[in-house]
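2 protein chains.
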Amino acid sequence: MTSPTAQTAGQADAASVTELCNDLAKRAGAASRALAGVSGEQRNAALHAIAEAIASAGDALKQANEKDLAAGREAGLAAAMLDRLTLTDARIAGMADAVRQIAAQADPLGRVMEGRVLPNGIRLQKVRVPIGVVLIIFESRPNVTCDAAALCLKSGNAVILRGGKEAKHSNAAIANCVRAGMEKAGLPAGASDAVQLVPTTDRAAVSELLKMEGRIDVCIPRGGESLIRAVVEQAHIPVIKHYTGNCHLYIDAACDEAMAVEIAVNAKTQRPGVCNATETIIVHREAADRGVLKQVCEALAGKGVEVRGDARTCCYYTEAKTAEEADWSAEYLDLVVAVRVVDGIECAIDHINRYGSKHTDAIVTTQVAAADRFVQAVDSANVFVNCSTRFSDGGQYGLGAEIGISTDKLHARGPMGADDLTTYKWVAYGNGQVRS
Amino acid sequence: MTSPTAQTAGQADAASVTELCNDLAKRAGAASRALAGVSGEQRNAALHAIAEAIASAGDALKQANEKDLAAGREAGLAAAMLDRLTLTDARIAGMADAVRQIAAQADPLGRVMEGRVLPNGIRLQKVRVPIGVVLIIFESRPNVTCDAAALCLKSGNAVILRGGKEAKHSNAAIANCVRAGMEKAGLPAGASDAVQLVPTTDRAAVSELLKMEGRIDVCIPRGGESLIRAVVEQAHIPVIKHYTGNCHLYIDAACDEAMAVEIAVNAKTQRPGVCNATETIIVHREAADRGVLKQVCEALAGKGVEVRGDARTCCYYTEAKTAEEADWSAEYLDLVVAVRVVDGIECAIDHINRYGSKHTDAIVTTQVAAADRFVQAVDSANVFVNCSTRFSDGGQYGLGAEIGISTDKLHARGPMGADDLTTYKWVAYGNGQVRS
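Chains as they are written, first to last, in the UniProt record's numbering: chain A, 1 to 436; chain B, 1 to 436.
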C-alpha cells in the first residue's frame, strides 16, 4: 500500500507524462501533415542544412558528449559501451556525411509503383507516400539520433526519438543541430516538429507512446533483445523488430577451401560484436574429411576464437570444447563460435531454419545446385553465396544509412532504408464512373 | 472455485486443443517448405484442378450448405446473414471462376524487385518469396475458404483457415474440394497440408494459434470490427487489419452537379452493406448554395436513405434529421447517411482525417488544384477523384480475388491480392568477398 501522499505524487507524475506524450504525438501529427506539402528539393535542402549544422557544431557536440562520458565512467559503463557512446571529430564528420548521402538518394516519395487504366476508364495508380509518425527507441549510440532523423525527413515522416539515458546530453545536442538545420532551410511552420526528442528518460513515457494506436504509426526499436521484447510486449502500435542475429556459415561438400577459411575468419572475427557476425559454422562431412574443418578452426583459434563443437567436430579438431544445446541458439557477439558437422545440405538447412534468427546465412560452395537449393530453402532475410555474412548492411547494400535491420517478414525484411519508411495509397482518377 | 473434476476436464480439453494447434502449425510449416520447391506452373495446375473439383461438386456443396442453412434458420440468423451463407449454383460457379482467374495471374514469386552489382562485385538481388504460414479467421461467407486457399496457394503459402461455426459444413465441403484438386494435380507429399481447415470451432484454438509466434507468420482476420479487435487483443503474431469502412464523399465548390448526385447515390445505395459504401457526404457551402446538397439529399431520400445532417445541412434540406457527434464516426452499413456542410476543402480534409477509417474517400470537383490537394492530404488507403467509393475492391483493381482490404499502413494497404501475401529475401552472390 502506498501512502496517500505518494499516491497523489504518482498520479501527478502519470498525468504530466500523459500530457507530455499527448503533446509529442500532437506535434508529430501536425508536422507529418505539414511535411506532406514539402517537395523533395526542400527536404534535401533541409538535409544539407542539417549536415552543415552538425559539421560546424563539433565543439558543442563534444562538450555535451563529455558530460555523458563522465556520467558513464562514474556509473561504471563497460569500455565497449563507452566507446559506442563517444563522439570524436571523425564520428561527427561521419554523421554529417551520412546525412549528405541520404540527401543524395532518389526521392522515395511519389513513385508510381504500378498504374493502369481500368476497363471503365478509371486511371488507377499505386503511389508511395510517407507512413506518417514514426517512433524510434534506441540505446546508447548518439549517431542514431541523426541517422533516424535524416531518414525520416527524407521519407516525409515525423519522428519521435527516444534515446538511452546514457546519451541524453549528446542526443539533445544533435537534435538541436537537426532542428537548427530544418529551421535554416525554411521548412513551413509546424514542420520543424517533424523531429522531436522525448525530453524525459522516464520509462512511463515509452509505455504511453507505445499505446498511441492511430496517432503513432509504427515503432522501430534499435537495441538488444531485451529492449525489443519489452517494446513488443507493451506496444499497441505496429513494431518492426530486429531480434538476435544468429548468423550461420555453411561450408558445403564441394568448396574452395581457401575461400571457406577466409570467409569463416572474416564472418566471425572482422567485427564480432555486431548482428551480422557469424555465430555457427556448419561443415559438410566430406569437407571436414578433406581437412577444411580443422583449417577453419585453427585459423579461428589463431584469431583468439573459442571453438565449441558437436561430437564429430571434436574428432576433427580435438582442441574444441563440447557444444551444449544452448550454443546452437546463442548470439555470442564475441570471439566464440559453435561448429557442427552434417551429412548433407538438407541437414544444414534444417539446422539453420530451426536455430537461426532469420537474419543472415551464407553458403560456401562450388556447386550451382547447392547454391540454388540453399538460397531457396533458407528462410532468412539475407541469404548469401560465397561471401561473408558481414555484408548484410544498409550501407553495403547501397541504401545509405539504415534505420534498422528487420528480422520480421512483413513490410520490410533485412536492412531498412528510407524506402522502407514509406507506404502507399491507391489513387483513382475518374470522370464520373459509378459501379453497376 | 471449480471442482477437481471440472478442473481435470478443463485441462484435458486445453491439452487436446494445444495438441491440435501444434499439429496444424507443424503440418503447415512442413507444407510451406514443400511448396517452396513447387513451380508456378504446378501451382497453377493445382488451381485449375481445384476449380474443376468445385465446379463438379455442386450437389455435394449444396447438400452441406443446406445443413448450415437449416441450423441457421433454427438459430434464427438474420436474413442478410442467411443470404451470405447460401451457396447457389451461380455462386459455386463464381467460386470456381475466381480460382481460374487467380491461376491466370502473373506469378507473384521469384520476381526480382531490385538488383545491382555492388562495387565489390557481389550481385545483390531482392527477390519475392512467400510469407510462409498464413492464418485466416473469417465469419460466415463460405467462398472465403476457396478464395483464401487459392490466393495462398498461388503465392506459395500454407494457410490455416478458421471459419465461422455457421458455415462449418459448407467450409468443410469446400476444403475437401480444394484438397482433392491439390492431390489430383500431384503436388509433392506434404504440400496438400498447405490448406488446412481448423477442425473445431472452439475459440480456445484461435487463441492458441494467435500465440504461435515464429510458427505462424501472419493472421488476416476477415469480419466485423468486434472479431478483428478480439484477434488483435490476443495476437502475438502480426495481424493485417481491416477495421471499419467509414468512407466519405466530398462535393467541392466547383463540381459537375449531375455527376455529384449520381456518384453520391451510387456510393451510398448501390450496395449499402459493404465496407466501401459511403457513410458521410461533405458538401462545400458554395455547392450547397447552388442547390447541390438539396438535389443529393432528395435523390438519396428517393432511394429510401435516411439523411442525418449538421445544422447547416438541415437548413438546405429541411427533411434531414439532426446528426449527433457519433454519426460522424458511424459505419452504418445501411440506408443512412450523415451530411455536413463545410466552408472549404481544408475543413473537409480535416473532417475525413479525424473521423474516417483510412479506407476510401472521394472528391467530386472540376478543379485540378482541389483534386491534387485532396489526393495529397487525405490519409486513406484509397483516395478517389470523380468516381464512386464503391470501386475500392481487389476485383475492380484487377488483382483477382482479394484476401482482404487493409486499413493498416504497414506491409499492405487497401485491397490485398496474391502479391501482398509475399515478402522478399535479399540474395547475394559473391566469389569469395570478405569485408575489410
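Every residue gets a Cβ at the ideal spot worked out from N, C-alpha and C, and that includes glycine.
Where the alpha helix (DSSP H) containing residue 232 of chain A begins and where it ends: Locating residue 232 of chain A in the first sequence gives position 232, counting from the first residue. Residues 225 to 234.
So within the segment 15 to 92 of chain B, which uninterrupted alpha helix (DSSP H) runs reach at least 4 residues, ignoring any that extend past its ends? Within the segment 15 to 92 of chain B, the complete alpha helix (DSSP H) runs of at least 4 residues fall at 40 to 55, 58 to 74, 79 to 85.
Name the two residues that bound the continuous beta strand (DSSP E) containing residue 308 of chain B. As a working note, residue 308 of chain B is residue 308 in the second sequence. Where residue 308 of chain B is concerned, the enclosing beta strand (DSSP E) stretches over 306 to 309.
Closest by C-alpha distance to residue 204 of chain A, when choosing among A:399, A:13, A:436, A:403: Here residue 204 of chain A corresponds to residue number 204 of the first sequence, with the count starting at 1. Nearest in C-alpha terms to residue 204 of chain A, of all of A:399, A:13, A:436, A:403, is A:13.
Is the beta carbon of residue 166 of chain B closer than 8 Å to that of residue 77 of chain B? Taking the first residue of the second sequence as 1, we reach residue 77 of chain B at position 77. Taking the first residue of the second sequence as 1, we reach residue 166 of chain B at position 166. Taking a C-beta distance under 8 Å as the contact criterion, residue 77 of chain B and residue 166 of chain B qualify as a contact pair.
Could you give the C-beta distance for residue 440 of chain B and residue 217 of chain B, rounded to a whole number, given that I count them as a contact under 8 Å? Beyond the ends of chain B as shown, which are 1 and 436, falls residue 440 of chain B; an answer cannot be given.
In angstroms with no decimal places, state the Cα-to-Cα distance between residue 98 of chain B and residue 401 of chain B. Here the question's residue 98 of chain B lines up with position 98 in the second sequence. Here the question's residue 401 of chain B lines up with position 401 in the second sequence. Rounded to whole angstroms, the separation of the alpha carbons of residue 401 of chain B and residue 98 of chain B is 6 Å.
Residues bridged to residue 137 of chain A by DSSP? Numbered from 1 along the first sequence, position 137 holds the residue referred to as residue 137 of chain A. For residue 137 of chain A, which the question treats as bridged, DSSP gives the partners A:162, A:221.
Taking the alpha-carbon positions, what's the residue 391 of chain B to residue 106 of chain B distance? Position 391 of the second sequence, counted from the start, is the residue given in the question as residue 391 of chain B. Position 106 of the second sequence, counted from the start, is the residue given in the question as residue 106 of chain B. C-alpha separation (whole angstroms): 22 Å.
Name the two residues that bound the continuous beta strand (DSSP E) containing residue 406 of chain A. Position 406 of the first sequence, counting from 1, holds the residue named residue 406 of chain A. Where residue 406 of chain A is concerned, the enclosing beta strand (DSSP E) stretches over 404 to 406.
Close Cβ partners of residue 141 of chain B (< 6 Å) along its chain, the five nearest in sequence each way excluded: Start at 1 with the first residue of the second sequence, and residue 141 of chain B comes out as number 141. Hits under 6 Å: 84.
Do you know how far the Cα of residue 309 of chain B is from the Cα of residue 212 of chain A? Numbered from its first residue, the first sequence carries residue 212 of chain A at position 212. Numbered from its first residue, the second sequence carries residue 309 of chain B at position 309. Answer to the nearest angstrom: the Cα atoms are 31 Å apart.
Please report how far the alpha carbon of residue 249 of chain B lies from the alpha carbon of residue 256 of chain B, in whole angstroms. For the purposes of this step, residue 249 of chain B is taken as residue 249 along the second sequence, with counting starting at 1. For the purposes of this step, residue 256 of chain B is taken as residue 256 along the second sequence, with counting starting at 1. In a straight line, the C-alpha of residue 249 of chain B is about 14 Å away from that of residue 256 of chain B.
Grab me the residues of residue 291 of chain A's own chain with a C-beta within less than 6 Å of its C-beta, minus the 5 sequence neighbours each way, in chain order. The residue labelled residue 291 of chain A in the question sits at position 291 within the first sequence. Cβ within range, chain order: n/a, list empty.
Taking the continuous alpha helix (DSSP H) assigned at residue 397 of chain A, which residues delimit it? As a working note, residue 397 of chain A is residue 397 in the first sequence. Here the alpha helix (DSSP H) through residue 397 of chain A covers 394 to 397.
Contact between the segment 260 to 270 of chain A and the segment 298 to 307 of chain A is defined here as three or more beta-carbon pairs at a separation below 8 Å; is this criterion met? Verdict: yes, contact present.
Taking all protein chains shown into account, do 16 or more other C-beta atoms lie within 10 angstroms of the C-beta of residue 274 of chain B, making it buried, or fewer, making it exposed? Along the second sequence, read from residue 1 onward, the residue named residue 274 of chain B stands at position 274. Under this definition residue 274 of chain B is an exposed residue.
Reference residue 135 of chain B; option with closest CA among B:127, B:128, B:129, B:144: Mapped onto the second sequence, residue 135 of chain B falls at position 135. Ranking B:127, B:128, B:129, B:144 by Cα distance to residue 135 of chain B puts B:144 first.
Which residues in the same chain have their Cβ closer than 6 Å to the Cβ of residue 178 of chain B, if we skip the five residues on either side of it in sequence? Counting from 1 along the second sequence, the entry for residue 178 of chain B is found at position 178. Hits under 6 Å: 50, 149, 195.
Determine, using beta carbons only, whether residue 387 of chain A comes closer than 8 Å to chain B. For the purposes of this step, residue 387 of chain A is taken as residue 387 along the first sequence, with counting starting at 1. Yes - at least one Cβ of chain B is within 8 Å of the one on residue 387 of chain A.
How many Å lie between residue 111 of chain B and residue 44 of chain B at the Cα? Here residue 111 of chain B corresponds to residue number 111 of the second sequence, with the count starting at 1. Here residue 44 of chain B corresponds to residue number 44 of the second sequence, with the count starting at 1. Answer to the nearest angstrom: the Cα atoms are 17 Å apart.
Rank A:137, A:61, A:151 by C-alpha distance to the C-alpha of residue 100 of chain A and give the top, closest one. Along the first sequence, read from residue 1 onward, the residue named residue 100 of chain A stands at position 100. Here the closest residue by C-alpha is A:151.
Whose Cβ in chain A lies nearer than 9 Å to the Cβ of residue 379 of chain B? Taking the second sequence and counting its residues from 1, the one referred to as residue 379 of chain B is at position 379. What residue 379 of chain B touches in chain A: 32, 33, 36, 129, 132, 425.
Is the segment 169 to 185 of chain B touching the segment 227 to 240 of chain B, taking contact as three or more C-beta pairs under 8 Å? Counting C-beta pairs with one atom in each stretch, the segment 169 to 185 of chain B and the segment 227 to 240 of chain B have fewer than three that are closer than 8 Å, which means they do not touch.
Just how far apart, CA to CA, sit residue 123 of chain A and residue 307 of chain B? As a working note, residue 123 of chain A is residue 123 in the first sequence. As a working note, residue 307 of chain B is residue 307 in the second sequence. Annotation: residue 123 of chain A to residue 307 of chain B spans about 31 Å, alpha carbon to alpha carbon.
Taking 8 Å as the threshold (beta carbon to beta carbon), is residue 382 of chain A in contact with chain B? Reading the first sequence from its first residue, position 382 is the one you call residue 382 of chain A. Yes, residue 382 of chain A lies at the interface with chain B (some Cβ there is under 8 Å from its Cβ).
Can the beta-carbon of residue 432 of chain A be found less than 8 Å from the beta-carbon of residue 386 of chain B? Indexing the first sequence from 1 puts residue 432 of chain A at position 432. Indexing the second sequence from 1 puts residue 386 of chain B at position 386. Taking the C-beta atoms as reference points, residue 386 of chain B is found nearer than 8 Å to residue 432 of chain A.
Along the chain, where does the alpha helix (DSSP H) that runs through residue 351 of chain A open and close? Residue mapping note: residue 351 of chain A aligns to position 351 of the first sequence, counting from 1. Here the alpha helix (DSSP H) through residue 351 of chain A covers 345 to 355.
Using a Cβ cut-off of 8 Å, pull out every chain A residue sitting near residue 217 of chain B, in sequence order please. In the second sequence, counting from the first residue as 1, residue 217 of chain B sits at position 217. Under a criterion of Cβ atoms nearer than 8 Å, the residues of chain A adjacent to residue 217 of chain B are, in order, 409, 410.
Taking 7 Å as the line, does the beta carbon of residue 62 of chain A fall inside it for any heavy atom of the ligand SAM? Summarising the ligand content, the structure contains no ligands, and the ligand SAM is consequently not present.
Does the beta-carbon of residue 315 of chain B have 16 or more other beta-carbons within 10 angstroms, so that it is buried, or is it exposed? On the second sequence, position 315 is the one that residue 315 of chain B refers to. Classification of residue 315 of chain B: exposed, given that the 10 Å Cβ count is below 16.
Between the segment 407 to 416 of chain B and the segment 416 to 427 of chain A, do three or more beta carbon pairs fall short of 8 Å? Verdict: yes, contact present.
How many angstroms separate the CA atom of residue 342 of chain A from the CA atom of residue 311 of chain A? Numbered from 1 along the first sequence, position 342 holds the residue referred to as residue 342 of chain A. Numbered from 1 along the first sequence, position 311 holds the residue referred to as residue 311 of chain A. Looking at the two C-alpha atoms, the distance is approximately 11 Å.
Looking at chain A, is there any beta carbon in it that lies within less than 8 Å of the beta carbon of residue 238 of chain B? For this step, residue 238 of chain B is matched to residue 238 along the second sequence. Residue 238 of chain B counts as touching chain A.
Residues in the same chain with beta-carbon distance under 6 Å from residue 180 of chain B, minus the five sequence neighbours each way, listed in chain order, please. Within the second sequence, residue 180 of chain B is the residue found at index 180, counting from 1. Excluding sequence neighbours, residue 180 of chain B sits near 53.
So, is residue 373 of chain B buried or exposed, given that buried needs 16 or more other C-beta atoms within 10 angstroms? Translated into positions along the second sequence, residue 373 of chain B becomes position 373. Classification of residue 373 of chain B: buried, given that the 10 Å Cβ count is 16 or more.
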